[in-house]
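Asker: Residues 240 to 566 (this note's numbering) are what the sequence shown spells out, left to right.
We treat Cβ as the ideally placed atom computed from N, Cα and C, and that holds for glycine.
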Amino acid sequence: MKWILFGLMFLFLISAVMAQEMGYSFFVDNAEIYAIDSGLLYVYSPNQSLEDSTLNLGVLFFPKKGFEGNIVLVNEGVPLKATFKTDDNSPNNESYLIFQWSLVLQENTTLNLNVVSQQEIVYSKKLFIEAKKRLLLDKTVREKIILIDDKLPDDVFDLRKRLSTKDIDFTDEEFKSNFENAKELQISKKIETKVLFYEGNLTKTKSKTTFTVPILKNTEYYVIEEINKNVESNASNIKYSLQPEIVEEDPLIVWHLREGNQEISYEIEKQGDHLTDLTGNTILLSRTTEKTTSKIFLKLILPLLLIPIIVILIVYFGTIQYRSNKK
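Put into structure tokens, the structure is as follows:
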């Protein structure tokens, strides 16, 4: 028994050191280690209180050689999606798997952590998570209007190339022309920042960026937002009032709006008191759709309308020729 405990302690320390080396420091505190038939399971199960009850649960798994499977977290029978998964080699060339789940809980709950191999659960553990909301002590609110840059970006070619991966295609002339069109429109960009102070020395900054698009018939808009990684590194962590096209996760997003009359917004949340605006750099494009409709009419519909007219003329002149020959 003494040697078994010593072995487990040694594995625990080795795993903790490797977790730190790999940059996953959340495994080091408040974690438990489990030696199971499939390998070594290192679980970080937070029992802490956050303002919105959002908790991060992490698993570091060293499977035995030949293991082929997965780790699944289940909440009331529903498997939860891991926010990231890494399959790599450790310094000792041992395979490891890393998972992290972001859990939004309204009350204390029990989750099932399952190790699955060949579509069968080979290990299951119940995790009790304490999700208690913190008391809001104070808050400050800041609002301001941001001027959208009216200068064409230097890297237009690169931006067009990145947008084209999502079938958002512009020629160089179209991009410049649509950029100039958008400068004449009254599209506003407003930022509302809330700094929230909670018990336990927790501070959060929530920033909401809102665009108001005017009503114009036969007009479509592209609102392109590129957000610096220092502000937010993952587009999936942003809350949207209207889901945009996510061109790149780090993040480059686009809203394609028709006819206007819309207010779109997105929210970014970070811990700490951030004096800088948690928003992105905006590029606006607009173009009229009336010309496109006219081109479609001229190219497709007009030829179809001419066909019966031509047929009638052929029949008419054929009949006249026939009568002339008969006389």
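Which word fits Ser525, buried or exposed, when buried means at least 16 other C-beta atoms lie within 10 angstroms of its C-beta?
Answerer: By one-based count along the sequence shown, residue 525 stands at place 286. Ser525 is buried by the Cβ-count criterion.
Asker: Please list the terminal residues of the continuous beta strand (DSSP E) segment that includes Ser427.
Answerer: Within the sequence shown, the letter at position 188 stands for residue 427. That run of the beta strand (DSSP E) goes Ser427 to Tyr437.
Asker: Does the structure place the stretch 475-483 close enough to the stretch 429-441 that three or more beta carbon pairs sit under 8 Å?
Answerer: Contact between the stretch 429-441 and the stretch 475-483 is absent, because fewer than three Cβ pairs lie under 8 Å.
Asker: Just to confirm, is the Cβ distance from Arg497 to Glu471 under 9 Å?
Answerer: On the sequence shown, residue 497 is found 258 positions in, with the first residue counted as 1. On the sequence shown, residue 471 is found 232 positions in, with the first residue counted as 1. In this structure, Glu471 does not lie closer than 9 Å to Arg497 by Cβ.
Asker: Looking only at its own chain, which residues have a Cβ that is under 8 Å from the Cβ of Ala210, when we skip the five neighbours before and after it?
Answerer: Because the chain here runs from 240 to 566, residue 210 falls outside it and cannot be looked at.
Asker: In its own chain, which residues sit with a C-beta less than 7 Å from the C-beta of Val311, not counting the 5 before and 5 after it?
Answerer: Within the sequence shown, residue 311 is the residue found at index 72, counting from 1. Within the same chain, Val311 has close Cβ partners Pro318, Asn353 and Val355.
Asker: Rounded to whole angstroms, what's the CA-CA distance from Ser363 to Ile407? Just pull it up for me.
Answerer: Numbered from 1 along the sequence shown, position 124 holds the residue referred to as residue 363. Numbered from 1 along the sequence shown, position 168 holds the residue referred to as residue 407. Each residue's alpha carbon lies about 46 Å from the other.
Asker: Could you tell me the boundaries of the beta strand (DSSP E) in which Phe409 lies?
Answerer: Here residue 409 is taken as the residue at index 170 of the sequence shown, counted from 1. Counting along the chain, Phe409 falls outside any beta strand (DSSP E), and DSSP gives it neither H nor E.
Asker: Quick check on Ser480: does DSSP put it in helix, strand or coil?
Answerer: Locating residue 480 in the sequence shown gives position 241, where the first residue counts as 1. Residue state, collapsed to three classes: coil.
Asker: For the 8 Å Cβ check, are there 3 or more pairs between the stretch 505-523 and the stretch 442-461?
Answerer: The stretch 505-523, when compared against the stretch 442-461, does touch it at the 8 Å Cβ threshold.
Asker: When every heavy atom of the ligand NAD is checked, does at least one fall within less than 8 Å of the C-beta of Leu481?
Answerer: In the structure shown, the ligand NAD is absent, as is every other ligand, since no ligand is present at all.
Asker: With distances taken between CB atoms, is the gap from Pro490 to Ile477 smaller than 9 Å?
Answerer: Within the sequence shown, numbered from 1, the residue matching residue 490 stands at position 251. Within the sequence shown, numbered from 1, the residue matching residue 477 stands at position 238. For Pro490 and Ile477, yes; Cβs fall inside 9 Å.
Asker: By how many angstroms is the C-alpha of Leu376 removed from the C-alpha of Lys433?
Answerer: On the sequence shown, residue 433 is found 194 positions in, with the first residue counted as 1. On the sequence shown, residue 376 is found 137 positions in, with the first residue counted as 1. The straight-line gap from Cα to Cα measures roughly 13 Å.
Asker: Residue range of the alpha helix (DSSP H) that Ile399 falls in?
Answerer: Reading the sequence shown from its first residue, position 160 is the one you call residue 399. Residue identity check: residue 399 is Arg in the sequence provided, not Ile. Looking at the DSSP string, the run of the alpha helix (DSSP H) that includes Arg399 is Val395 to Ser403.
Asker: State the CB to CB distance for the pair Asn314 and Thr348, rounded to an integer number of angstroms; the pair is presumed to be in contact (CB under 8 Å).
Answerer: Mapped onto the sequence shown, residue 314 falls at position 75. Mapped onto the sequence shown, residue 348 falls at position 109. Confirmed, Cβ separation roughly 7 Å.
Asker: Just the Cα atoms here: how many angstroms apart are Lys372 and Gly305?
Answerer: Looking up residue 372 in the sequence shown gives position 133. Looking up residue 305 in the sequence shown gives position 66. Distance between the alpha carbons of Lys372 and Gly305: 43 Å.
Asker: Determine whether the beta carbon atoms of Leu296 and Ile360 lie at a separation below 9 Å.
Answerer: Residue numbering aside, residue 296 sits at position 57 when the sequence shown is read from its first letter. Residue numbering aside, residue 360 sits at position 121 when the sequence shown is read from its first letter. Their beta carbons are not under 9 Å apart, which means Leu296 does not touch Ile360 by this criterion.
Asker: Measure the alpha-carbon distance for Gln516 versus Leu398 and round it to whole angstroms.
Answerer: On the sequence shown, position 277 is the one that residue 516 refers to. On the sequence shown, position 159 is the one that residue 398 refers to. Reading off the sequence shown, one finds Asp at residue 516, where the question assumed Gln. Cα to Cα, Asp516 sits roughly 23 Å from Leu398.
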